[in-house]
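Novice: The number in my numbering is simply the position in the sequence shown, starting from 1, with 277 added.
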Amino acid sequence: MDCLDLMEPAGLRKVLENLAAVTGMAMALVDERGRLLYGKNNVPLCLLINGTHEGRLACEAFRIGLARAALGSGWVEKQVCHAGLVYLAAPVAVTDTAAVVLLGGNVALQPPAEEALARLARETGLDLGKLQAAAGALPVWSEERLQAVVALVQTATDTVARLLYARQELQRKVDELTALFEFTRKVSGSLQVTEVARQALEAVLGLTGATSGSVVMLNEVMPGVTAGETAATLESCNEFRVVPAGEIVAAVEREACATCFDSRPEGRTPEERRPAVAIPLTVGGKVTGVLTIAGKPEGVCFTKDETVFLTTLGTGLGLALENARLFRQMQVRATMLERLVEVGQVVSSSLDVDLVLESALANVRDVLGAQWCALRLLDEETGELVLKASLGMSAEVQARVGRIRPDHTLLGKVLQTGEPAVVEDLTASRPGTHLPYYAAEMQAVAVVPMKVGGKILGTLKVYSPVPRRWREEEIGYLAIIASQTGLALENARLYSSLQEYYSSTVQALAAALDAKDVYTRGHSVRVAKWARACARMLGLGAEEQEQIYLAGLLHDLGKIGVRENILLKPGPLTAEERKEMQSHPGVGARILEPARFPAAVIAVVRHHHEDYDGGGYPDGLAGEEIPLLARIIRVADTYDAMTSARPYRQALTPRQALEELRRWAGRQFDPRVVEAFLQLPGKEMEDIAGARGCGNAAGGGDGSHVLPGWRSRMRPCSSRERVSQGTTGNTD
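(1) Under the rule that 16 or more other beta-carbon atoms within 10 Å means buried, what is residue 395, buried or exposed?
(2) Excluding sequence positions up to five away, which residues of its chain have a Cβ less than 7 Å from the Cβ of residue 866?
(3) Taking only three categories from DSSP, how would you classify residue 570?
(4) State yes or no: is the C-beta of residue 535 within less than 8 Å of the C-beta of residue 551?
(5) By Cβ distance below 8 Å, which residues in the same chain neighbour residue 970 in space, the five residues on each side in sequence not counted?
(6) From the DSSP output, in three-state form, read off residue 393 for me.
(7) Could you say which of 904, 554, 927 and 433 lies nearest to residue 581 if we only look at CA atoms?
(8) According to DSSP, simplified to helix, strand and coil, what is residue 347?
(9) In the DSSP assignment, what residue or residues form a beta bridge with residue 506?
(10) Quick one: which unbroken alpha helix (DSSP H) runs of 4-plus residues sit fully inside the region 666-753? Chain order, please.
(11) Using CA atoms only, rank isn't needed, just tell me which of 363, 362, 361 and 379 is closest to residue 369.
(12) Here's the rule I'm using: 16 or more other beta-carbon atoms within 10 Å means buried, otherwise exposed. How should residue 293 be labelled?
(13) Identify whether residue 653 lies in helix, strand or coil by the three-state DSSP scheme.
(14) When burial is assigned at 16 or more other CB atoms within 10 Å of the CB, is residue 443 buried or exposed?
(15) Figure out for me which residue from 684, 400 and 300 has the closest Cα to the Cα of residue 429.
(16) Kindly indicate which residue of 655, 339 and 695 has the alpha-carbon position closest to the one of residue 679.
(17) Considering just the uninterrupted stretch of the alpha helix (DSSP H) at residue 822, what are its terminal residues?
(18) Suppose the cutoff is 7 Å on Cβ atoms and the five residues either side in sequence are ignored; what does the same chain contact list for residue 542 look like?
(19) Enumerate in chain order the residues of its own chain whose CB-to-CB distance from residue 478 is below 7 Å, with the five nearest sequence positions on each side excluded.
(20) From the DSSP output, read off the bridge partner residues of residue 378.
(21) Between the C-alpha atoms of residue 805 and residue 565, what's the straight-line distance to the nearest angstrom?
(22) Taking 8 Å as the threshold, find out whether the region 557-564 comes into contact with the region 590-597 through three or more Cβ pairs.
(23) In three-state DSSP terms, what is residue 540?
(24) Which residue marks the beginning of the alpha helix (DSSP H) containing residue 920, and which one marks its end?
(25) How many angstroms separate the CA atom of residue 347 from the CA atom of residue 338?
(26) Determine the extent of the beta strand (DSSP E) in which residue 902 is found, giving its start and end residues.
(27) Do residue 711 and residue 692 have their beta-carbon atoms positioned less than 8 Å apart in this structure?
(28) Work out the CA separation of residue 809 and residue 976 for me, nearest whole Å.
(29) How about residue 601 and residue 468: do their beta carbons lie closer than 8 Å?
(30) Measure the C-alpha to C-alpha separation of residue 742 and residue 666 and round it to an integer number of angstroms.
(31) Hey, would you say residue 405 sits closer than 8 Å to residue 398, going by beta carbons?
(32) Going by DSSP, name the residue or residues bridged to residue 558.
(33) Leaving aside the five residues before and after residue 296 along the sequence, list all residues of the same chain whose C-beta is less than 8 Å from its C-beta, in chain order.
(34) Quick one: what's residue 315 bridged to in DSSP?
(35) Just confirm the distance between the C-beta atoms of residue 934 and residue 762, as a whole number of angstroms; I'd bet it's less than 8 Å.
(36) On a CA-only basis, which of 703, 948, 540 and 766 is nearest residue 633? Give me that one, please.
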C-alpha cells in the first residue's frame, strides 16, 4: 500500500499540523526515498534557492540523505543544509513494512554568514542582495530551543509509533480469530472427505500466499500400522505437486509437530527449492493426517508464527476430516446415516446448545430404540458427572441423580479409559460394571465418552428395558453422536470466547478514550447501559440491544483524534477548535469502518449528534432520517452529560435532567425515545450511575448535548453558563 494511503488512518497529517503549530517549525512528510508526501516550504530563502535548478538538486539530495540517516538510526537526526538552515528528521513506522519520515526545519542557529551567502549566489546564479534580504527574515533559534523541539518531536513520533503498533497487533489478533472462525465454519460445512480437504486447502493457500498443498489422511489398517490416503491436492502446475514423502509423514506422526522441509531439494535458489511445511492433523491427541503447503513467493520460508497458526487450523481440520471419514464409513448403513446427518446439520448450523442436545438424544432414542438416554458433563472441580440432558427420565429421577460420583462404576471406567463400555445384562454384571444408580427398567446399558481434541467432556449413556447385545455399528453410531455433541459444546464455548474477546476489544477502545480525558471516565459505559435499557423499553430485540450497547461504548471514539488541549480546555472554544471537536463523529465512523464493525453501530457513531429538528451535525438529519439507535444514544448521552459535574459547574439532579429531556422532546430529541427513557425504573438508573451517584464524577458532552432551554435560564457570566452554551472543551 502507498504511504499516502496510510497517512490518513495513521493521523500523520494531523500530527504534522499540530507539531508545526506548537513548535513554529515548517513541517513536512517524506517517504523512505525522500520524496515529499505532504507539506510546503514558504521560507523566502528556500523558495529562492529551490527556484534554480542547482539549488533544487542540492535540496533534494540533502532531504534524501537526511531521511535515510533517520531511517537508519531510528532516532531524530539533526543536520544543517547547504544554505545554513537546521533540519530535523524523525522516522515513523506506519506498518511493519512501510515508514515515513517527519521533517522539520527552516530555522537557523545563527544568521547566515556573508561568505556563505556569496557562495550560494555563485552556485545558484541568484542575486546576492535578494539572498541577503531573504536570509534576514530567517528565524534564529537558540540551541536550547532547538533541543527542546528535538525532544518534543521524538516524543510525538514515539507515541504515534506505539499507537500504530498496538493498533496493528490488535488488528492482527482480530484477523487471526476471524480467519480461524471462518476456516472452522467452512471445513465443518461438509461431511465429504475430499470436499473438506479441498476447501481447507483453498482457505490455507489464500491465508498464506502459498501455491501448492495436499491433505494426507492416515488410516490404521491394523494395530500400530497406518497407511496414507491423499484426500486432496492443489498445485500451481503438475511439476509442483507437493505430497510429503513417507519419512516426512512418519516424522510428523511420530513427533506430532510441524516439520519444515524443501519440497524440491535439488533446486539451487530458495524459490527453486520451494520451502514447505507439514502440519499434523490431530484428533483426541492422535495424528490422523498431514496438511502440507509450499510455494510462497520468492521462496520465503514459513515463519514460526505461521506454523503455530497453521497448527491451530490443523486441529479444526483434523476434527472435520475425522467426522467426514466416520461419515463415509457409515454410508453403508442407510438408516443410521440419515439420522446422523440430521444431527450433523444441527451441530454445524446452530450454536444453541439445548437444541443440539435435544436433537442428538432424540436421534439416539429413535435409531437405537433406547428407552432412556442421558448426557452428562464432567465437573472437573468436584469430579462429579452432572446431568445435562435426558430423555425418558421422570422429573423425580432427574432430581435424584442430577449429580453422581462415577468412581468404581462403569461410568468411571469410561472416563478413565476414554473407551466405550457396554453391559448386555445388568442383573448379571460383574463387579466394576455397575452404575451409580439403578432402576428396574434398566436391563442393559451402553456408555460412550464425549471427547473433543483428546479431552473427555462427559458421557453419553443409553439404556434398554431388556437384556441386549449391542452391535459394533450401534456403539460406533453412539460414539459419533457423542463426538458431534461434544464438538457442538466446544464450538459454543469457542464462539462465546470469541464474543468475549470482541467485547473486550471494544471495551479496551472505550477505556483508551476514557484514559485520554479524566473528566469523562466511565461516561461511555454509562451511556451504553442507559441506551440498552432504553432500547429494551422500546421493545427492540436482543440483537439491536447489543448493537446499541456496543455503539454506546464507541460513540465518542473519534475524540481520540481531538487534541487534548481542546478536550481539557476549561474556557470557550474558538471557531476552529469547535470545528475540530465536531469532527469526532465522522472520525469515529471512519475508524470503525475498516474494522468491519456492524453497519448499524457505525451509523450510530456518525449520527449520535443529530438533532430531531435537524439542527445537529454532521449531516443535519432530522426526524426519522436519523437512525433510531442514534436517537436513543442522543438521549442517553445528554442525560449523562447533564448529571455529570465539571470543574466549572454543578451537575443537574436526575429529576432536573429528566425534566430537561421532556421539555426538549420534539426539538432536540425523539419524543418516543424520551418517553421510553423516562419510564426506566429508578433503581436501574441508580445502579447504572453507580458510585458516581448524582453528579460527583465527570462525564458530559461536547456542548451540543446540553439543551437550549437550560441555556436560557443561565445568567450571562455564571459558571454553569459556559457548559450550557456549548463553548467548553471536553464535556463528554
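C-beta atoms are modelled at their ideal positions from N, C-alpha and C, and glycine is treated no differently.
Specialist: Concretely, from the data shown:
(1) That one is exposed.
(2) 879, 882 and 883
(3) strand
(4) It is not a contact, given that the beta carbons lie outside the stated cut-off.
(5) In this predicted model, residue 970 has a pLDDT of only 44, less than 50, meaning its place in the structure is not dependable; the value taken from the coordinates is given anyway. Excluding sequence neighbours, residue 970 sits near nothing in its chain.
(6) helix
(7) Taking only the C-alpha atoms, the option nearest residue 581 is 554.
(8) helix
(9) Residue 506 pairs with 494.
(10) For the region 666-753, whole alpha helix (DSSP H) runs of length 4 or above, ordered along the chain, are 672-677 and 687-694.
(11) Cα-wise, what sits closest to residue 369 is 379.
(12) buried
(13) strand
(14) exposed
(15) 300
(16) 655
(17) 819-831
(18) 550
(19) 490, 492, 509 and 511
(20) DSSP links residue 378 through a beta bridge to 307 and 368.
(21) 48 Å
(22) yes
(23) coil
(24) From DSSP, residue 920 is part of no alpha helix (DSSP H); its letter is neither H nor E.
(25) 14 Å
(26) Where residue 902 is concerned, there is no enclosing beta strand (DSSP E), given that its DSSP letter is neither H nor E.
(27) No, the Cβ-Cβ distance between residue 692 and residue 711 is not below 8 Å.
(28) Legend: pLDDT at residue 976 = 36, less than 50; position of this residue unreliable, no value from coordinates given.
(29) yes
(30) 19 Å
(31) yes
(32) 566
(33) 302, 304, 379, 381, 429, 430 and 433
(34) Beta-bridge pairing links residue 315 to 306.
(35) Not confirmed; about 51 Å, so no contact.
(36) 766
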